[in-house]
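One structure is given below, encoded as structure tokens.
Residue numbers (this note's numbering), protein chains in the order written: chain A, 1132 to 1544; chain B, 1132 to 1544.
Okay, here's the thing in structure tokens:
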């Protein structure tokens, strides 16, 4: 989840999911202050937690930054891993297709990597298209060759919400998790559609309304409890955008050593040279993205790479997290039910529960948990502190970083 | 020299120096886009070179960044070393005291470090005052004890322009250079005096006038050829200030690992912890400076440390440069006389002359010079490229970095 910000589509999904599962407790693993698009969240994670609790989520957990700003695969891996650690039984994701059988078939191919599939993937990648597209075509080719009678619309599976759903299934399979996946067909707008579409709008469109100050439209696409908090946050702190971070990001790019880019996760296939050249050839961050962009490298991928530089996500840090998983459960908020659930599983947890960031300083306690490798804990946790420190820098009046003084949000009924 | 910007006081110094020495050729070693106060130059080095050539300098050389943003000792060492490499015979610096005998005596103590002096220095440092002040008092104590009849006003020697002059003498002695030092008493304002003082104003006061847009006053304190270029630069690019770099600097501070500060030059005596704490406790760069400031650590020292972080001047990089000296002669501009002088010494130079930045890419040529250690060359030269890249980012409309396309400014008579 990102809830960036929480809109009518999110509420619809939440209500349908509850109808479907009738859960004892509802948990959201949510991005913190930086999201999967490689951008800052438009309002901070505490405000978004408050809204999620109002919406009927019982427990809000922060997905560590090292997973939240990666591609769908990394995002889903971190999310499912966290849910697994939290002993969750079911997961419900939105998708365009609502065809779980198709998605499971595709996930199986992705995890098992049969030779024909890999060959097709390489062929498509060689043509210079992006990885998500190459994978979509390779899956289509593979299914056509191997499962001709299945009548599976692979084209459809390539849309961004299906990709994320697919990656949840891949993660469940990789982790050999017992979590049961479900999917709900999304209503209304396409994820990336910037156009206003009645009372269901994409988060992209909603952020556009916030930036334009279109309050009336906003009141139509956000539930009242979300609308109220969003307006307050924008009034007090202003929206945080990639554009507002222009000088910081360009400054970081321009002070990098040419040879240094390669140390960071994802700088493959000459991206280091493109980054170095484009940072000199352009004068602002949007021009920079345009300069680096090719058919192969999408804007989102480039933005995520810039975030990897900003937060010093080197190759080893990211790969450690892929391999060893989350090293803590950062609790952002709960209601009575969520709190009770946490108490009930606390003894069984292999990882520390962090409800107050300053608990992360108690390293001997942290190291006492079976599931923790202290070095990796520090790699992950220090980035979560940094993302709060950077986000708060871009509030209207600049702000000191109060992360260490924050407490979990407890919504009493 | 910094010429930030070139004012009537600089012109006076230049004219007096020429009267004193009657030189065949006049050379200025000038800071590039970042200066000794730990700040960006208000207008760029090319504009400042143009003005210097108009003023009657024959040859303008850039002091590498690794020296230009250090304390008076580092700045003077880099400058004198460069002049020495250029086979210069005389150096003329401005001072408040005009007492060369006093300054030479002090320089001698500083270089030879007699035990009594070092003991006094330690005692004063222990009281928590800044290094420049502790050194001033230690020198006073030492001279009082050892040269009571000399009647030397050490107090006077502690003013900022005397400190720089003193450091030129120290550098000459350390390098065993044959350059003959001369000094000229400064007229008019004290270096740091922000008040307007008739037609002689400090560079600090002049920058204040620029930021306030006080054109009339500016026209009184700048020679006409400087006034004209300054106005054009401010109109086209705007002034570059530390404040305009706020988000970049705060962002760099907030994304540093706590343990990482110590890798950079000058982070001694718990400054790393102060930096980490203050970057969280404050929301903008001026508040940050206030937060870190103590009796021991002056604003200027703190600003220089921030520049060390921005330009990744690690301890080893700076110390290599102290030890091995400048690795190239970067020529920013010359007139006919300056050009002829360069031709005349070119064969005898142990270092490459860089008149076009792209020459710095030809590493096999660079490595062929006797005086060059390629690793240190790259450490120095890459920082000079970065300082241009960062400075140009803060021009009014943001700007691509054209450093590689720049050529030496040739003022034909």
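Just so you know, even glycine gets a beta-carbon here, dropped at the ideal spot from N, CA and C.
- A Cβ-Cβ distance of about 5 angstroms is found for the pair residue 1364 of chain B and residue 1178 of chain B, placing them in contact under the 8 angstroms criterion.
- Closer than 8 angstroms to the CB of residue 1438 of chain B there is not a single CB belonging to chain A.
- With a cutoff of 8 angstroms on beta-carbon distance, residue 1515 of chain B and residue 1193 of chain B are scored as near each other.
- Following the DSSP letters along the chain, one finds residue 1357 of chain B in no beta strand (DSSP E) but inside the alpha helix (DSSP H) bounded by residues 1355-1368.
- In this structure, DSSP gives residue 1296 of chain A a helical state, which the three-state scheme calls helix.
- Residue nearest to residue 1158 of chain B within the set B:1210, B:1344, B:1175, B:1511 is B:1210 (criterion: CA-CA distance).
- Around the C-beta of residue 1189 of chain B, 16 or more other C-beta atoms lie within 10 Å, and the residue is accordingly described as buried.
- Interface with chain B (8 angstroms Cβ-Cβ cutoff): residue 1404 of chain A is excluded.
- Chain-ordered, the chain A residues with CB closer than 7 angstroms to the CB of residue 1517 of chain B read 1385, 1386.
- In the structure shown, residue 1487 of chain B falls within a coil segment according to DSSP collapsed to helix, strand and coil.
- For the alpha helix (DSSP H) assignment, the uninterrupted runs of no fewer than 4 residues enclosed by the stretch 1382-1452 of chain B are, from N- to C-terminal side, 1402-1412, 1416-1423, 1430-1441.
- Taking 8 angstroms as the cut-off, the Cβ atoms of residue 1484 of chain B and residue 1462 of chain B count as close.
- By the CB criterion at 8 angstroms, residue 1195 of chain B and residue 1372 of chain B fall outside the cutoff.
- The beta carbon of residue 1492 of chain A sits no closer than 8 angstroms to any beta carbon of chain B.
- At a cut-off of 8 angstroms between C-beta atoms, residue 1257 of chain B does not count as an interface residue with respect to chain A.
- According to the DSSP secondary-structure assignment, residue 1371 of chain A is paired through a beta bridge with no residue.
- The beta-carbon distance between residue 1330 of chain A and residue 1352 of chain A, rounded to whole angstroms, is 6 angstroms. This is short enough to meet the 8 angstroms contact definition.
- For residue 1380 of chain B, the closest C-alpha among the options B:1218, B:1391, B:1341, B:1442 is that of B:1442.
- Contact of residue 1443 of chain A with chain B by beta-carbon distance below 8 angstroms involves 1386, 1388.
- Under the Cβ criterion (8 angstroms, minimum of three pairs), the stretch 1484-1497 of chain B does not count as touching the stretch 1425-1433 of chain B.
- With respect to chain A, the C-beta atom of residue 1381 of chain B has a partner C-beta closer than 8 angstroms.
- Beyond the five residues adjoining it in sequence on each side, residue 1356 of chain A comes within less than 8 angstroms, by CB distance, of 1182, 1185, 1186 in the same chain, given in chain order.
- Less than 8 angstroms separates the beta-carbon of residue 1207 of chain A from that of residue 1299 of chain A.
- Against chain B, the CB of residue 1414 of chain A has a partner CB under 8 angstroms away; the residue lies at that interface.
- By the Cβ test, the stretch 1299-1318 of chain A is in contact with the stretch 1232-1250 of chain A, since at least three Cβ pairs between them sit closer than 8 angstroms.
- Residue-level contact check: residue 1521 of chain A touches chain B, since one or more beta carbons of chain B fall below 8 angstroms from its beta carbon.
- Residue contact with chain B for residue 1378 of chain A: present (Cβ-Cβ distance below 8 angstroms to some residue of chain B).
- For residue 1193 of chain A, the uninterrupted beta strand (DSSP E) run begins and ends at 1190-1194, by DSSP.
- With respect to residue 1151 of chain A, residue 1223 of chain A sits close: the two C-beta atoms are nearer than 8 angstroms.
- For the pair residue 1269 of chain A and residue 1252 of chain A, the CB atoms are nearer than the 8 angstroms cut-off.
- Boundaries of the beta strand (DSSP E) around residue 1541 of chain B: 1540-1542.
- At least 8 angstroms separates the beta-carbon of residue 1396 of chain A from that of residue 1337 of chain A.
- Proximity to residue 1228 of chain A across A:1374, A:1295, A:1538 peaks at A:1295, based on C-alpha coordinates.
- When DSSP states are grouped into helix, strand and coil, residue 1154 of chain B belongs to the coil group.
- Segment contact: the stretch 1382-1392 of chain B against the stretch 1517-1527 of chain A, three or more CB-CB distances shorter than 8 angstroms; contact assigned.
- Think of a sphere of 7 angstroms around the beta carbon of residue 1496 of chain B: no beta carbon from chain A falls inside it, the nearest being about 19 angstroms out.
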